[in-house]
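Colleague: Submitted below is the structure of interest, expressed as structure tokens.
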Amino acid sequence: MFDLGLESTHTLITGSSGGLGLELVSLFLSQGSLVTAHYNSNPAGLDSIPSSSALVKAQADVEKEAEVERLFVEAREGMGGKGVEVLVVNHAYIALNDAPLSKMTLEQWNKTININLTGTFLLVRAFLNQLHYVPENRKHKIAVVFIGSTAGLFGEAGHADYACSKSALMTGLALSLKNEIVTLAPRARVNVVAPGWIKTPAVASLLADPDVVYRALATTPLKKLADPRDVATQVLALASETLSGHVTGQVVMVHGGMEGRLLNREADI
Ligand SMILES: NC(=O)c1ccc[n+]([C@@H]2O[C@H](COP(=O)([O-])OP(=O)(O)OC[C@H]3O[C@@H](n4cnc5c(N)ncnc54)[C@H](OP(=O)(O)O)[C@@H]3O)[C@@H](O)[C@H]2O)c1
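Position 88 of the sequence shown, counted from 1, bears residue number 91 in our numbering, the numbering being contiguous throughout.
The structure is reproduced here in structure tokens:
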């Protein structure tokens with residue numbers, strides 16, 4: 004088997020209690036990675052992952068600066084003093100009901116931006132400030148992977164707050180960070196995996212609507228929705244220095260080749 008070089012690498016995965024997060028935790032553990040699995044309000048979401056010395060579960064509301072700082076302390080202490088080497092920012096909030104901009108509340112806008120974008124800033128800052136715990140001879144393992152979205156590329160009518168939070172991660176934050184992180188660790192890399200619809204429990208109610216599925220697949224040559232594994236394997240590939248050691252600042256779209264939004268049906272024109 005090809006060695007991804009992730010054995011004993013300390014990986015912190017945010018939003019591990021969610022659908023994609025669980026898959027990420029399983030996949031990183033399967034590669035021998037030491038995983039800090041972050042959750043916020045739902046510790047039971049991690050119950051299906053068997054306890055082991057390679058797994059630390061840690062809570063934090065990423066809207067709260069002190070909790071994000073504490074998260075990295077708990078991660079390190081839980082792994083015997085080993086600093087976090089790979090950060091996967093997977094958590095996110097999306098208001099499921101459509102809210103056109105003319106009707107979107109400031110409260111919703113602020114909540115989405117705070118969790119998805121400001122929370123990511125807090126995580127990245129705390130991650131950078133603990134890199135001195137990573138020994139020099141392991142610094143080439145350091146990597147960040149953000150989870151973006153097709154919403155960040157194509158926009159998402161009814162969810163502009165979410166789309167803006169994702170596009171900010173996919174461009175402004177990722178591209179700035181990839182140029183800054185090398186001043187702390189010269190081989191450290193920053194990339195983004197941006198999925199289209201994924202079959203996770205969070206969106207199961209929406210995907211039960213055949214019209215939603217039709218609209219998603221109408222511009223998608225592969226004519227299928229992603230399974231969590233389709234997305235998690237790309238995260239693994241970008242986190243691996245062995246596979247992706249010369250790849251930084253890239254956005255990998257995992258959307259079956261989607262060309263954009265279906266705006267109009269025949270009846271609409
Ligand atoms: N599902 C899709 O179709 C789809 C499509 C494109 C992109 N994505 C992206 O893929 C990622 C995972 O999606 P998913 O479907 O697995 O989502 P999910 O099941 O809803 O999981 C969301 C995760 O975010 C955490 N979270 C929410 N608010 C938080 C906060 N204030 N502080 C800390 N953590 C918080 C939740 O923690 P608790 O539950 O413990 O509170 C949960 O672990 C997200 O970045 C999402 O935007 C998903």
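Backbone N, C-alpha and C fix where the C-beta goes; we use that ideal spot for every residue, glycine too.
Would proline 231 be called buried (16 or more neighbouring beta carbons within 10 Å of its own) or exposed?
Modeller: Along the sequence shown, one-based indexing puts residue 231 at 228. The residue is buried, with at least 16 neighbouring Cβ atoms inside 10 Å.
Colleague: For asparagine 119 and alanine 171, I'd like the C-alpha separation in whole angstroms.
Modeller: If you number the sequence shown from 1, residue 119 lands on position 116. If you number the sequence shown from 1, residue 171 lands on position 168. Computed Cα separation, rounded: 10 Å.
Colleague: Indicate whether the contact test is met: 3 or more Cβ pairs, each with one atom in the segment 143 to 157 and one in the segment 189 to 205, closer than 8 Å.
Modeller: As far as the Cβ criterion goes, the segment 143 to 157 touches the segment 189 to 205, which means the pair count is three or higher.
Colleague: Among Leu241, Pro198 and Glu72, which residue has its Cα nearest to the Cα of threonine 223?
Modeller: Your numbering for residue 223 matches position 220 in the sequence shown. Of the listed residues, the one whose Cα sits closest to threonine 223 is Pro198.
Colleague: May I ask you to check if the CB of isoleucine 150 is nearer than 8 Å to at least one heavy atom of ligand 1?
Modeller: Reading the sequence shown from its first residue, position 147 is the one you call residue 150. The answer is yes for isoleucine 150.
Colleague: Taking only heavy atoms of ligand 1 into account, decide whether any of them is closer than 8 Å to the Cβ of isoleucine 116.
Modeller: By one-based count along the sequence shown, residue 116 stands at place 113. No, since every heavy atom of ligand 1 falls outside the 8 Å radius drawn around the Cβ of isoleucine 116.
Colleague: Going by DSSP, name the residue or residues bridged to histidine 41.
Modeller: By one-based count along the sequence shown, residue 41 stands at place 38. Ala61, per the DSSP bridge assignment.
Colleague: Suppose the cutoff is 7 Å on Cβ atoms and the five residues either side in sequence are ignored; what does the same chain contact list for valine 215 look like?
Modeller: Taking the first residue of the sequence shown as position 1, residue 215 is located at position 212. The answer, listed in chain order, is Leu209.
Colleague: Thinking C-alpha only, which one of Val238, Leu74 and Arg268 is nearest glutamine 1?
Modeller: Lying before the first or after the last residue shown, residue 1 is absent from the chain, which here runs from 4 to 272.
Colleague: Below 8 Å on the Cβ atoms is my guess for leucine 15 versus leucine 90; work out the distance and round it to an integer in Å.
Modeller: In the sequence shown, counting from the first residue as 1, residue 15 sits at position 12. In the sequence shown, counting from the first residue as 1, residue 90 sits at position 87. Confirmed, Cβ separation roughly 5 Å.
Colleague: Excluding the five sequence neighbours on either side, which residues of its own chain have a C-beta within less than 8 Å of the C-beta of aspartate 101, listed in chain order?
Modeller: Here residue 101 is taken as the residue at index 98 of the sequence shown, counted from 1. The answer, listed in chain order, is Ala160, Gly161 and His162.
Colleague: Please report how far the alpha carbon of valine 92 lies from the alpha carbon of aspartate 271, in whole angstroms.
Modeller: Position 89 of the sequence shown, counted from the start, is the residue given in the question as residue 92. Position 268 of the sequence shown, counted from the start, is the residue given in the question as residue 271. Answer to the nearest angstrom: the Cα atoms are 39 Å apart.
Colleague: Using the three-state DSSP reduction, which class does methionine 261 fall into: helix, strand or coil?
Modeller: To locate residue 261, count along the sequence shown from 1; it is residue 258. Of the three classes helix, strand and coil, the one that applies to methionine 261 here is coil, per DSSP.
Colleague: Considering only heavy atoms of ligand 1, does any lie closer than 8 Å to the CB of leucine 23?
Modeller: Residue 23 sits at position 20 when you count from the first residue of the sequence shown. Under cutoff, so the answer is yes.
Colleague: How many angstroms separate the CA atom of methionine 261 from the CA atom of leucine 58?
Modeller: For the purposes of this step, residue 261 is taken as residue 258 along the sequence shown, with counting starting at 1. For the purposes of this step, residue 58 is taken as residue 55 along the sequence shown, with counting starting at 1. For methionine 261 and leucine 58, the distance between alpha carbons rounds to 36 Å.
Colleague: Can you tell me which of the three DSSP states leucine 126 falls into?
Modeller: Mapped onto the sequence shown, residue 126 falls at position 123. Residue state, collapsed to three classes: helix.
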